[in-house]
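Read the structure below first, then the notes.
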Amino acid sequence: MNADLVVVGSGLFGLTIAERCANELGLKVLMLDRRYHIGGNAYSEPDPDTGIEVHKYGAHLFHTSNKRVWEYVNRFTSFTSYQHRVFTIFKGRVFPMPVNLATICEYFGKAMSPDEARALVAEQAAEIDGATAESFEDKGISLVGRPLYEAFFRGYTLKQWQTDPKELPGATLTRLPVRYNFDNRYFNDTYEGLPSEGYTAWLTRMADHPNIEVKLDTDFFDLRSDIVGNVPVVYTGPVDQYFEYAAGDLSWRTIDFDYEVKPVGDFQGTPVMNYADEDVPYTRIIEPRHFHPERDYPKDKTVIMREFSRFAVKGDEPYYPINTAEDREKLLKYRELANAETQVLFGGRLGTYKYLDMHMAIGSALSMFDNLVRPYFAEGATFE
Ligand code: FDA
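Note that UniProt numbering has the sequence shown beginning at 1, numbered continuously upward.
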C-alpha cells in the first residue's frame, strides 16, 4: 500500500488528521469514506430545485471559544456573521429559546424584572424537592417549576426520547437552560458563523493536497485485511463495529428528515422553529435559506426539513449516543480493546462514542496529532 497512514472516515476529525499529516509531516495519506462524499455529517449540498444550501445530516452551526480551532478553520474558509437564534411554538404561540426573560414575560403575560422572574420561578419550583426527585419530570419541575417545564421541556423531551419524562431518570439532570435576561443568542461562544462559501467548499479545501488521496464509496471493512498490520490507521468509524460488536451494540438516537420544497419565498421567517407540543410529531422544522440571508436565493420557493427523533436500529445513521449505564460498560470494554491495538488510533464521535460539536472534533484531532501522531512519525514513538 502506497500510503504512510490510512484515515478511515472523512469527517472533520479525519480531515484534520489527514491535513496535518500531509502539510506538517509530508506524509502520504489515504482517506477512505463509505459515503459518496467527504465531510462526514458536516457535509452540505445545494438543493437541486432551488440552489439553497442544505445541511444533509441536520443543521450545522459553527461556534467555538477555542482560539486555536478558530484560527485553524479560518485557513480553509471565511465565516459569515450569522448568529444562531431559535424559537419554539407551544399551543399556537411563539416564544424565544432558550427560555429567557422574554420567554417568561411572554408566557406569564406580564413584564417582570430579572429578580421578579427568578422569584416566581423559585416559588413554582418549590412544589417538588429536587433532592428527592427521581424522574426527569420531577427533577425538571424542581428546577424551573411546572408551568415552564410543561410548556418548554416536557413535550420536546418526550419526542426526543420517545419516552414519557416520568419514566426517564432524573439523576443526570442538574440544570435546565433558563436565562434571567433578554439574551436569546443560542450559543455563548467567542466565535460563531457559517462558512461563507458553504460547508463543502471548506471541507474539500482541507483535503486539497497532493499527498492526500480520498477514496469515496469505500468501506474500510472491505479492505481491512490489506490495511491493518501493514500501515498505521486513524479510525473514525463506529468503535463497536471495529471490534465486531464483541461487547455488544452501543445505542444511538437517529433523526428522520422529512424534506419538502414549498412554493413560498419564506415558510417560517427563521432558520429553526421548535415544536414543543406533544401532539405535533416532529421536534422542529429547519428552513435552510435563513442560514444565509446574504445569498441571492429564489424568492418563490424554499426548502424545509421536519425532524423526527427516534432510537436507531442497525442500518440507521447513528447521531446521538444514548449513553445508558449498559452503554458505558460496553464502552469500557471497547476502550480496553482499542488500547491493545498498537497501530490503530480511534477518534471522532463514532470512534469514541461521544457527542462532539464540530469544534470539539477538530480540537481533539489537533490534540491527537500533537500527542500521538506526530511523535509516532517524527520520533518513532508508539501509539500509546
Ligand atoms: P463524522 O460522523 O462527521 O464522520 C465520520 C465519517 O466516517 C463519516 O463520513 C462516515 O461515512 C465514515 N465512516 C464510518 N465508518 C466507515 C467505514 N467503515 N469505512 C469508511 N468510512 C466510514 N456540530 C456543531 O458544531 N454544530 C452543529 O450545529 C451541529 N449539528 C449537528 C446536528 C446533527 C443532527 C448531528 C448528528 C451532529 C451535529 N453536529 C454539530 C456535530 C458534528 O456533525 C460532528 O462534530 C462531526 O460530524 C464530527 O466529525 P467526525 O469526523 O467525528 O464524525
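For each residue, glycine too, the CB sits at the ideal point set by N, CA and C.
Limits of the beta strand (DSSP E) - the one that residue i falls within
| i | result |
| --- | --- |
| residue 104 | Careful: residue 104 lies outside any beta strand (DSSP E), inside the alpha helix (DSSP H) at 101-108. |
| residue 215 | 212-215 |
| residue 155 | That residue, residue 155, is in no beta strand (DSSP E); its alpha helix (DSSP H) goes 155-161. |
Residue closest to residue i, alpha-carbon to alpha-carbon, out of the options
| i | options | result |
| --- | --- | --- |
| residue 178 | 353, 155 and 105 | 105 |
| residue 66 | 383, 271 and 192 | 192 |
| residue 170 | 369, 137 and 279 | 137 |
| residue 197 | 166, 295 and 300 | 295 |
| residue 383 | 302, 235, 241 and 359 | 235 |
| residue 101 | 168, 183, 54 and 334 | 183 |
| residue 284 | 290, 301, 268 and 307 | 307 |
| residue 13 | 130, 305 and 42 | 42 |
| residue 254 | 278, 315 and 266 | 315 |
| residue 30 | 219, 153 and 354 | 219 |
| residue 56 | 27, 46 and 50 | 46 |
| residue 270 | 261, 290, 124 and 252 | 290 |
| residue 232 | 28, 15, 38 and 23 | 28 |
| residue 279 | 206, 18, 258 and 90 | 90 |
| residue 44 | 141, 195 and 260 | 195 |
| residue 222 | 346, 125, 34 and 251 | 34 |
| residue 245 | 277, 153 and 338 | 338 |
| residue 118 | 161, 180 and 146 | 180 |
| residue 15 | 293, 121, 204 and 288 | 204 |
For residue i, the three-state DSSP class (helix, strand or coil)
| i | result |
| --- | --- |
| residue 206 | helix |
| residue 275 | strand |
| residue 140 | helix |
| residue 39 | coil |
| residue 226 | helix |
| residue 305 | strand |
| residue 292 | coil |
| residue 355 | coil |
| residue 93 | strand |
| residue 256 | strand |
| residue 31 | strand |
| residue 348 | helix |
| residue 362 | helix |
| residue 67 | helix |
| residue 321 | strand |
| residue 197 | coil |
Start and end residues, alpha helix (DSSP H) containing residue i
| i | result |
| --- | --- |
| residue 23 | 12-25 |
| residue 328 | 325-340 |
| residue 375 | 374-379 |
Classification of residue i by the beta-carbon crowding that lies within 10 angstroms, buried from 16 upward
| i | result |
| --- | --- |
| residue 48 | exposed |
| residue 275 | buried |
| residue 127 | exposed |
| residue 367 | exposed |
| residue 302 | buried |
| residue 240 | buried |
| residue 248 | exposed |
| residue 358 | buried |
| residue 451 | The displayed coordinates of the chain run from 1 to 384. Any statement about residue 451 would go beyond what the structure contains. |
Using 8 Å as the Cβ pair cut-off and three pairs as the minimum, do the segment 98-113 and the segment 203-214 touch? no
Within 8 Å, do at least three Cβ pairs link the segment 80-96 to the segment 222-242? With the cut-off at 8 Å, the segment 222-242 and the segment 80-96 do not touch.
Stretch-stretch touch, CB-based, cutoff 8 Å, three pairs: the segment 317-325 with the segment 73-86: no
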